[in-house]
Amino acid sequence: MSILEEHIASSAGIGISASRPDGKEKARGDFLFSNDLSSEDMLWGQTLRSPYPSAKIKRIDYSRALAMEGVHAILTAGDVPGENIFGLEHPDQPVLAFDVVRYVGEPVAIVAANHPEVAKKAVDAIIVDYEILEPMVDSEEAIYSDPIHPEGNVIRHLVIRHGNPDVVGSIIVEGEYEVGMQDQAFLGTESGIAFPSSDGGVNLHISTQWLHSDRDQVASALNLPNELVRVSLAGVGGAFGGREDVSMHVHLCMLAMHTGRPVKMIYDRNESFLGHVHRHPAKIWFRHHADESGLLINVEAKVILDGGAYASTTSAVLANACCFSVGPYSVPNALIEGWGVRTNNPPCGAMRGFGNVQTCFAAEAQMDKIAKALSIDPVELRLLNALETGDTLITGQEITGTAPISEVLTSLASYPLPEAGTNAILELPGGTGRTTDKSHVKRGIGYAASIKNLMFSEGFDDFSEARCIITDGEVSIQSACVEVGQGFVTLVNQIVEETLGLTEVTLLPVDTSIGSAGSTSASRQTWMSGGAVLKACEAVVDALLSDLASESGISYEKIGLSLISTDGSDSIGIVSALHGRNYDEHVTHRHHPTFPLDRNGQGDAHVSFAFAAHRAVVDVDEELGLVRVVEIATSQDVGRILNPVQAKGQIEGGVAQGLGLALLEELILVDGKIVNANFTDYLLPTAMDTPPIEIAALIEQPEPGAPFGAKGIGEPPVISSTPAIVAAIRDATALELSRVPVKPEDIALTD
Amino acid sequence: MGIGKTSGEYELIVNGSKFSISDSWLGESLLYVLRERLGLYGSKNACEQGECGSCSVMMDDVLVCSCLVLAANAKGREIRTIESVADGDELSDVQKAFIDTGAIQCGFCTPGLLVTIHDFLDSNPEPDQSEIKEAISGNLCRCTGYGRIVEAVQLVSIRRSKRDS
Ligand code: FES
Ligand code: FES
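Laid out in structure tokens, this is it:
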């Protein structure tokens with residue numbers, strides 16, 4: 005153990021339930037979210053969007069709109085100063101549509117006016133002549149039909165061939181599954197403000213997940229060097245993947261630069277549903293082969309993800325869906341074929357769980373089918389097949405880190421079940437509606453387990469920069485890591501306290517004046533930016549020890565020992581040693597490299613893996629098709645708990661989103677148009693829908709190479725909670741239920 | 057200003073102070089006026105359709121969604137917003153409990169929930185879990201799954217009964 009590691013182990017910052025440094029401001033209503041920013045002479049921006057899923061733009065006439073009192077600018081494709089194209093992984097989407105529109109909601113023109121209502125009226129007054137085309141809205145047909153985009157309809161076709169895919173099992177189960185389009189539905193809609201700057205550049209304040217990716221895309225569209233586009237983080241009201249892509253960013257900057265005035269934009273809820281990517285709807289076919297003992301011997305699958313009109317992160321989402329399609333189980337032979345497809349549906353991209361969600365729902369249903377066919381307990385079957393350290397994934401990658409799936413499953417299964425319901429009205433599936441007849445209520449129990457890759461995969465150069473600055477005994481930390489609510493700001497304080505013993509930490513403004521921290525996604529920021537902050541603090545300690553050594557002539561190691569000794573009488577303590585000294589350490593943190601998948605889908609493409617399992621208990625009113633989730637219990641592989649309360653919050657929040665996908669949440673499309681883009685018809689779980697979430701165990705087996713041994717914890721809760729709930733409904737009703745969300749008619753209106 | 061009818065001049069009483077609103081459009085909601093004209097950004101706008109509760113304020117001691125109230129119709133009424141919940145620098149007991157239990161993540165739902173919970177606990181000081189859930193079911197939170205929030209309400213209830221006994 006290094007001196008520093010000993011120091012870390014003896015300190016108190018990590019592992020305690022420190023409270024959020026921004027909690028007070030947020031509780032007072034003083035915290036500034038992106039939509040709370042304003043400026044004296046600002047204008048309001050508004051976007052004209054396509055009403056059609058596929059059409060040619062014949063003519064745009066905005067003369068009447070521009071003549072309206074209070075309207076300052078109307079801009080269209082021809083006004084984009086640089087490349088009229090952007091994209092998170094790959095540029096393929098116009099900033100403003102110029103010849104065709106490919107989905108309902110695609111931006112066509114932007115307006116700046118002196119009042120948001122004026123801007124809306126101006127948008128309504130713009131005349132666009134469209135030649136309406138037949139939209140391609142079926143992801144399966146899209147694979148073989150005429151391209152809707154110059155780059156074709158197949159964004160990625162991925163085949164994973166592992167072992168001998170021709171092996172036939174004595175038990176074969178087959179199924180077709182579907183996952184509907186879920187939305188991140190963060191509460192704070194897209195918003196921001198852009199200021200033109202006197203050097204010809206622009207300052208953009210926006211809620212996002214990745215400042216530097218935004219900066220690069222905006223600069224290219226504005227034809228500006230990166231240095232002239234300064235992106236600052238404005239308070240983020242939740243993200244969950246939906247803010248990884250550029251939305252209004254370029255539009256705001258164009259309007260600000262054109263008018264020479266600050267421009268603010270806020271999407272309303274309806275526009276927010278149109279203005280960001282969604283979770284990919286999926287069609288999945290599985291055939292599992294097992295031997296008579298239940299051991300998996302081969303898995304075949306076909307996976308189609310509907311990427312909508314533009315690529316966004318479809319390629320990486322598909323990789324996740326395929327690489328982890330079989331779940332946290334050892335499978336010697338597999339043939340998985342996946343397609344990420346373009347259609348004229350709304351674009352899809354990142355959402356918490358990122359591809360693993362879709363195939364986990366299907367694969368876990370398959371596991372239950374095998375258990376049923378063999379009359380094995382579902383947990384036993386999962387334990388029998390559970391991956392362990394040293395096992396190989398279907399991509400040929402060996403798991404070198406921790407893989408406590410057995411511990412996760414065993415602890416969950418032994419957690420006590422909730423008691424039978426009291427039959428109080430609020431505890432029946434009909435709830436406050438008082439519609440449930442008790443005699444129709446059946447209870448069911450279901451289990452599911454999951455695997456999630458942490459951080460970016462397939463050879464991406466994934467890094468985060470951080471600075472630790474000590475001035476006269478005061479510490480400041482700089483990082484471009486985006487806080488979306490997950491608690492990175494708390495963790496920074498904990499890391500500083502752990503390493504430097506200082507409790508007062510200033511987190512410098514989060515902007516592009518430092519290098520990238522990467523995206524707040526992929527369960528990566530604790531490892532990546534937490535790791536960077538840790539390294540920067542360690543670099544300060546290191547520099548301090550070197551200085552003390554050269555000043556005193558005592559060896560570095562000895563000074564280290566005396567500095568950190570908790571009982572040594574001659575310990576001067578790091579805080580007082582730092583006093584009067586100044587340091588500024590700037591570091592870059594990387595995880596170990598990953599590699600692309602080869603043409604058989606084999607390769608060490610992923611960094612590390614986290615596992616979770618969920619058990620759902622439901623009461624189902626079979627007559628009305630209503631489901632009340634009584635309890636969700638979970639165990640999760642966390643590596644090490646850094647902040648117990650924040651960990652609990654991540655788990656509860658993630659499970660609620662998994663419940664949403666299981667029972668409530670779906671953007672319903674009719675001919676490519678979302679027909680429920682509002683909170684009246686897109687149903688988010690309320691407090692009444694969300695059951696107590698019991699944490700059976702958090703398994704702490706430190707992950708080698710991870711800062712503090714901690715694994716990311718944000719995504720696993722959302723992945724296996726959905727299939728556990730559906731398994732519980734199946735247990736209660738004996739229905740097949742191969743599609744989520746499960747709706748009342750799927751239960752009540754069956755023969 | 058390009059949107060036709062203005063509502064002339066009217067006065068709002070917000071957090072005990074009088075504000076005169078002039079040259080505003082007749083269709084402006086109370087939420088819009090609080091935020092964009094009075095700079096009281098604590099009330100949030102997540103749906104502007106009465107579904108999420110993040111714009112919750114008290115109007116003459118009745119909990120309302122300020123997005124559904126026309127500002128011009130609120131004249132003469134006593135409006136209290138999240139900005140009045142703390143007593144100067146001193147946080148209210150519910151605000152403190154939110155911080156203590158980890159009920160705040162992104163915090164976008166927080167102001168609306170705090171206004172709602174203060175109102176609820178005034179009328180039901182010792183609620184059970186399902187009463188709490190019902191009381192906050194008009195406030196959406198996308199981050200927390202509500203567990204920490206329910207715990208915060210329970211904590212306040214316990215702390216208040218200890219204080220009073
Ligand atoms: S903003 Fe008023 S209820 Fe949602
Ligand atoms: S804390 Fe983010 S919506 Fe509630």
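The listed protein sequences correspond, in order, to chains Z and C. Just so we're aligned: the first sequence equals residues 5 to 755 in the working numbering. Just so we're aligned: the second sequence equals residues 57 to 221 in the working numbering. We treat Cβ as the ideally placed atom computed from N, Cα and C, and that holds for glycine. Keep in mind that this is a model prediction, so the values were computed, not measured.
- With a cut-off of 8 Å on Cβ pairs, the region 404 to 412 of chain Z is not in contact with the region 625 to 633 of chain Z, counting fewer than three such pairs.
- By the beta-carbon neighbour count (other beta carbons within 10 angstroms, threshold 16), Z:Asp735 is buried.
- Annotation: Z:Gly245 has no Cβ neighbours in chain C at a cutoff of 7 Å; minimum Cβ distance is about 12 Å.
- In this structure, DSSP gives Z:Lys30 a helical state, which the three-state scheme calls helix.
- Under a criterion of Cβ atoms nearer than 7 Å, no residue of chain C is adjacent to Z:Ala484; the nearest Cβ is some 18 Å distant.
- Cβ neighbours of Z:Asn427 within its own chain (closer than 8 Å, five residues either side excluded): Lys442.
- For chain C, the residues of the region 690 to 710 of chain Z that bring a beta carbon within less than 9 Å of one of its beta carbons are Thr690, Ala691, Met692, Asp693, Thr694, Pro696 and Ile697, in chain order.
- Contact between Z:Val335 and Z:Val303 holds: their C-beta atoms lie close to 5 Å from each other, under 8 Å.
- When the alpha-carbon of Z:Val163 is set against those of Z:Val307, Z:Ile147 and Z:Glu670, the nearest one is in Z:Val307.
- With a cutoff of 8 Å on beta-carbon distance, Z:Val235 and Z:Asp249 are scored as not near each other.
- When DSSP reads this structure, Z:Met46 sits in no beta bridge, so it has no partner.
- Look at Z:Asp623 here: in three-state DSSP terms it is strand.
- Between the region 200 to 211 of chain Z and the region 61 to 72 of chain Z, the count of Cβ pairs shorter than 8 Å is below three; the stretches do not touch.
- Under the DSSP assignment, Z:Leu162 falls in the beta strand (DSSP E) whose first and last residues are Val158 to His166.
- In the three-state reduction of the DSSP assignment, C:Cys103 falls in the coil class, being assigned neither a helical nor a strand state.
- For Z:Trp343, the enclosing beta strand (DSSP E) stretches over residues Ala338 to Arg346.
- Burial of Z:Val361 is indicated by the presence of at least 16 other C-beta atoms within 10 angstroms of its C-beta.
- Proximity of Z:Leu36 to chain C, defined by a Cβ-Cβ separation below 8 Å, is satisfied.
- In the DSSP annotation of this structure, the continuous segment of the alpha helix (DSSP H) that includes Z:Ala375 starts and ends at Asn360 to Leu378.
- Shown here, Z:Gly239 sits in a strand according to DSSP, grouped into three states.
- A check of alpha carbon separations from Z:Val622 across Z:Glu561, Z:Ile729, Z:Ile717 and Z:Glu656 identifies Z:Ile729 as the nearest.
- By DSSP's assignment, C:Met114 forms a beta bridge with C:Leu119 and C:Arg136.
- Between ligand 2 and the CB of C:Arg198, the shortest heavy atom gap is smaller than 7 Å.
- Boundaries of the beta strand (DSSP E) around Z:Arg632: Leu630 to Asp641.
- In the three-state reduction of the DSSP assignment, Z:Met269 falls in the strand class, which pools E and B.
- Residue side-chain check: Z:Ser195 keeps its Cβ at 7 Å or more from all non-hydrogen atoms of ligand 1.
- Contact annotation: Z:Leu191 and Z:His253 have beta-carbon atoms that are not nearer than 8 Å.
- Taking a Cβ-Cβ threshold of 7 Å, the residues of chain Z close to C:Arg198 are Ala189, Phe190, Leu191, Gly242 and Leu688, in chain order.
- Beta-bridge pairing by DSSP links Z:Met532 to no other residue.
- Residue contact with chain Z for C:Ser186: present (Cβ-Cβ distance below 8 Å to some residue of chain Z).
- Residue contact check for Z:Thr436 against chain C: a CB pair falls below 8 Å.
- Relative to Z:Leu663, the option among Z:Arg644, Z:Glu635, Z:Ile429 and Z:Val642 whose CA is nearest is Z:Glu635.
- Within chain Z, the residues whose beta carbon sits less than 8 Å from that of C:Asp156 are Ser23, listed in sequence order.
- Here the alpha carbon of Z:Pro382 sits roughly 5 Å from the alpha carbon of Z:Ala375.
- At a cut-off of 7 Å, the beta-carbon of C:Cys162 counts as near ligand 2: some heavy atom of the ligand is closer than that.
- One finds Leu191, Gly192, Thr193, Gly241, Arg273 and Phe683 in chain Z with Cβ atoms closer than 8 Å to the Cβ of C:Ala102, taken in chain order.
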